[in-house]
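Single-structure report; data block below.
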Amino acid sequence: MRRRCAGKGPPVRALAPVALMMLALAGGATAEREESGQGGLARVIASSFRARGQADLDRLRQTPMQLACSVARPDALPADAQQRIRRDALQTVRFPPDGRWLGEWQRGEKIAQSGTGLQYSDPPDAPRGGNCYGCHRLSGTEVAFGTIGPSLYRYRQRNASDADAMRRTWIRIWNTHAFNACSMMPRFGDAGILTPEQIRDVMALLFDPASPVNR
Amino acid sequence: MKPATSNSAESPLSRRAGQGPSLPCVAGPRPAKQGVRAIADRWPLAFAASALVCATVRAADPTSVYRQMLADDNPAELAVARGQELWQTPRGPKHAALTACDLGQGPGVLAGAFAALPRYFADTGSVMDAESRLVHCMVTIQGFSRPELAATPFSELGEPQTDLEVLVAYVAAQSRGATIRVPQGVPQERDSYARGRDLFYRRAGPYDFSCATCHGADGLRIRLQQLANLTRSEGARSAFGHWPAYRVSQGAVRTMQWRLSDCVRQQRWPQLIFGSQAAIDLSTYLGVLAGGGTMDAPSLRR
Numbered sequence: 107m108r109r110r111c112a113g114k115g116p117p118v119r120a121l122a123p124v125a126l127m128m129l130a131l132a133g134g135a136t137a138e139r140e141e142s143g144q145g146g147l148a149r150v151i152a153s154s155f156r157a158r159g160q161a162d163l164d165r166l167r168q169t170p171m172q173l174a175c176s177v178a179r180p181d182a183l184p185a186d187a188q189q190r191i192r193r194d195a196l197q198t199v200r201f202p203p204d205g206r207w208l209g210e211w212q213r214g215e216k217i218a219q220s221g222t223g224l225q226y227s228d229p230p231d232a233p234r235g236g237n238c239y240g241c242h243r244l245s246g247t248e249v250a251f252g253t254i255g256p257s258l259y260r261y262r263q264r265n266a267s268d269a270d271a272m273r274r275t276w277i278r279i280w281n282t283h284a285f286n287a288c289s290m291m292p293r294f295g296d297a298g299i300l301t302p303e304q305i306r307d308v309m310a311l312l313f314d315p316a317s318p319v320n321r
Numbered sequence: 346m347k348p349a350t351s352n353s354a355e356s357p358l359s360r361r362a363g364q365g366p367s368l369p370c371v372a373g374p375r376p377a378k379q380g381v382r383a384i385a386d387r388w389p390l391a392f393a394a395s396a397l398v399c400a401t402v403r404a405a406d407p408t409s410v411y412r413q414m415l416a417d418d419n420p421a422e423l424a425v426a427r428g429q430e431l432w433q434t435p436r437g438p439k440h441a442a443l444t445a446c447d448l449g450q451g452p453g454v455l456a457g458a459f460a461a462l463p464r465y466f467a468d469t470g471s472v473m474d475a476e477s478r479l480v481h482c483m484v485t486i487q488g489f490s491r492p493e494l495a496a497t498p499f500s501e502l503g504e505p506q507t508d509l510e511v512l513v514a515y516v517a518a519q520s521r522g523a524t525i526r527v528p529q530g531v532p533q534e535r536d537s538y539a540r541g542r543d544l545f546y547r548r549a550g551p552y553d554f555s556c557a558t559c560h561g562a563d564g565l566r567i568r569l570q571q572l573a574n575l576t577r578s579e580g581a582r583s584a585f586g587h588w589p590a591y592r593v594s595q596g597a598v599r600t601m602q603w604r605l606s607d608c609v610r611q612q613r614w615p616q617l618i619f620g621s622q623a624a625i626d627l628s629t630y631l632g633v634l635a636g637g638g639t640m641d642a643p644s645l646r647r
């Protein structure tokens with residue numbers, strides 16, 4: 107079952123927290139793993155967090171991917187488990203209906219710079235950022251970039267810029283687990299963090315020859 | 346970091362420093378704790394300039410220069426002094442001092458106590474960290490209201506430190522130099538570690554983040570902020586050994602539970618409840634991993 111974390115509320119949100127906990131305990135693999143520490147991790151989690159602002163308790167429920175990837179060495183997961191994560195992720199991807207991959211790189215740069223969004227301290231109505239610079243080098247002139255993800259500087263030059271390259275990049279942004287099971291990168295499309303329009307703008311930041319990423 | 350290089354000996358600030366009291370660099374003797382505030386009050390410019398001049402004479406890497414520069418006269422010492430006052434003064438509805446509070450080494454024993462927390466306490470039947478144990482003492486010994494203490498454990502930006510924050514600073518300071526030994530002798534302590542470790546790797550929320558997403562490898566950064574690798578002893582020792590800390594960007598002493606809670610906020614999770622078992626378990630995980638390290642808190646952080 108696929109669950110959308112940040113999008114418009116799935117029906118499960120209406121359930122009471124107690125019911126959520128029972129659901130978590132009922133899931134075979136979840137219960138087995140959580141109770142293995144004897145102290146009852148599920149019970150501890152249920153009593154240790156409170157909903158605040160836009161961050162409701164439903165966020166603590168794990169998707170199958172999140173559960174499978176919650177290990178010290180996700181790269182050591184069995185091949186079939188990784189295969190399942192990749193296959194499930196690919197099925198979540200929705201492509202632009204009009205076939206238009208690229209928006210405006212100027213807006214994409216703003217999205218890449220902004221880390222606002224989905225924290226309980228963030229205004230719920232403010233436009234969300236992608237915080238791309240938190241983890242990636244992009245523009246050649248922005249020196250305050252993180253290193254958790256690979257450098258994307260000169261992205262166009264380092265990748266093809268045909269429709270297939272754009273399709274693959276779109277998938278990586280929408281749900282990167284389709285290529286890289288248990289990747290650390292958020293599922294910007296699948297989890298509803300960015301809108302398809304915003305993803306188009308980030309795509310332009312990566313592919314437009316005039317973008318500071320490629321200049 | 347710019348502060349290390351941008352002020353030469355010719356700057357007006359440092360000339361002014363020459364007229365003030367002589368202020369030691371990091372390598373020199375530390376001034377008496379009570380003296381820090383007096384010097385800062387009387388010679389604010391000299392106080393600031395001293396740090397800049399000190400920094401220019403060292404050629405270490407910029408981050409350690411910055412940290413040393415800040416560590417020279419840590420404002421956390423003011424919180425420590427205030428915490429000592431609160432510890433010794435009869436307070437609360439029961440008009441009692443905290444000197445009978447047992448932080449794990451016996452009533453009133455503070456030396457090394459912080460370096461061995463969280464631990465199991467038989468009187469409550471639970472594993473508690475320094476912060477939850479201090480609240481327990483303030484409630485049981487002094488008669489303060491637990492809900493009130495738990496509602497405002499941390500000061501807001503620009504507000505005075507809470508009683509709990511300065512007490513944590515004081516208690517931590519009594520473990521400065523002590524070896525970190527978070528016990529694993531009873532099943533409850535081992536369960537706490539196991540849950541903390543599971544929590545550390547648990548991915549959830551709209552960003553799919555766990556603690557390990559950012560703190561799972563060496564040498565990573567978010568933007569320019571360096572991230573400790575908290576899956577290994579070296580990183581855990583540095584993190585555990587330096588909290589509580591005077592956080593320069595906050596202008597206040599912040600505790601380990603505050604640190605964990607602010608990470609959880611950025612994970613896009615709901616709010617980590619103060620004193621919750623999950624907060625204590627994460628501390629147990631870090632503390633056990635940090636075993637053999639040295640406490641040096643309250644420290645100074647960005």
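Just so you know, the sequences run in chain order A and B.
Counting from 107, one number per residue, gives the positions in the first sequence under the working numbering.
Counting from 346, one number per residue, gives the positions in the second sequence under the working numbering.
A virtual CB, placed ideally from N, CA and C, is assigned to each residue, including glycine.
Keep in mind it's a predicted model, so treat the numbers as computed, not measured.
8 Å contact criterion, which residue i and residue j should meet: CB distance rounded
i	j	result
Ala518/B	Val425/B	5 Å
Gln219/A	Gly235/A	7 Å
Ile525/B	Gly586/B	6 Å
Asp296/A	Asn281/A	4 Å
Leu727/B	Leu572/B	Any answer about residue 727/B is impossible in this case: the structure gives chain B only from 346 up to 647.
Ala665/B	Leu631/B	Limits of chain B in this structure are 346 at one end and 647 at the other, which puts residue 665/B out of reach.
Ser537/B	Thr600/B	Not quite, the Cβ-Cβ distance comes to about 18 Å (not below 8 Å), so this is no contact.
Ala642/B	Trp588/B	6 Å
Trp603/B	Gly550/B	Contact flag wrong, Cβ pair sits at about 20 Å.
Thr444/B	Gln429/B	Not a contact, Cβ separation roughly 11 Å.
Leu479/B	Val513/B	7 Å
Buried versus exposed call for residue i [16 or more other C-beta atoms within 10 Å across all chains shown]
i	result
Thr497/B	exposed
Ala292/A	Before going on, a small fix: residue 292/A reads as Pro here, not Ala. It is buried - the Cβ of Pro292/A has at least 16 other Cβ atoms within 10 Å.
Arg647/B	exposed
Gln197/A	exposed
Leu575/B	buried
Val531/B	exposed
Arg165/A	buried
Leu569/B	exposed
Asp270/A	exposed
Thr169/A	buried
Phe313/A	buried
Minimum Cβ-Cβ distance from residue i to chain A less than 9 Å
i	result
Thr576/B	yes
Gln413/B	no
Arg436/B	no
Cys559/B	yes
Tyr552/B	yes
Arg540/B	yes
Gln379/B	Low per-residue confidence applies at Gln379/B: pLDDT is 44, beneath 50, and the placement is therefore not dependable enough to give any value.
Asp543/B	yes
Leu569/B	yes
Ser409/B	no
Arg548/B	yes
Leu565/B	yes
Gln616/B	yes
Gln622/B	yes
Min CB distance residue i to chain B below 9 Å
i	result
Thr247/A	no
Glu138/A	Caution applies to Glu138/A, whose pLDDT of 42 falls short of 50 and renders its modelled position unreliable; the model cannot decide the point.
Phe285/A	no
Thr198/A	no
Val124/A	With a pLDDT of only 44 at Val124/A, under 50, the local geometry of the prediction cannot be trusted, and the value read off the model is given with reservation. So no, Val124/A is outside the interface.
Tyr259/A	no
Gln172/A	yes
Val319/A	no
Arg213/A	no
Arg108/A	Confidence in Arg108/A is poor, its pLDDT being 43 and thus under 50, which makes the residue's placement unreliable; the coordinate value appears in the next sentence. Taking Cβ atoms only, chain B never reaches closer than 9 Å to Arg108/A, which makes this a no.
Per DSSP, the bridge partner or partners of residue i
i	result
Tyr552/B	Paired residues: none, contrary to the question.
Gln571/B	Arg566/B
Ala441/B	Arg436/B
Val472/B	Tyr465/B
Arg156/A	Gln616/B
Ser670/B	In this structure chain B extends from 346 to 647, so residue 670/B is not present and cannot be described.
Ala597/B	Arg592/B
Pro452/B	Asp447/B
Thr524/B	Thr639/B
Ala356/A	Outside the modelled stretch of chain A, which goes from 107 to 321, sits residue 356/A, for which no answer is possible.
Listed by chain order, chain D residues near residue i by CB distance under 7 Å
i	result
Leu462/B	Among the chains of the structure shown, chain D does not appear; the protein chains present are A and B.
Next item on the list: Mind checking the region 624-646 of chain B against chain A and listing, in chain order, the residues whose C-beta falls within less than 8 Å of any C-beta there?
Entry: Ala624 and Asp626
Notebook entry, point to check: Mind listing which residues of the region 588-610 of chain B have their C-beta closer than 9 Å to chain A's C-betas, in chain order?
Noted result: Val609 and Arg610
Check: Given a limit of 8 Å on CB to CB distance, which residues of the region 253-280 of chain A reach chain B?
Finding: Thr253 and Ile254
Check: Closer than 7 Å, Cβ to any Cβ of chain B: which residues of the region 222-239 of chain A, in chain order?
Finding: Leu224, Gln225, Tyr226, Ser227 and Tyr239
Margin query: If the cut-off is 9 Å on Cβ atoms, which residues from the region 290-311 of chain A count as contacting chain B, listed in chain order?
Written below: Met290, Met291, Pro292, Arg293, Ala297, Gly298 and Ile299
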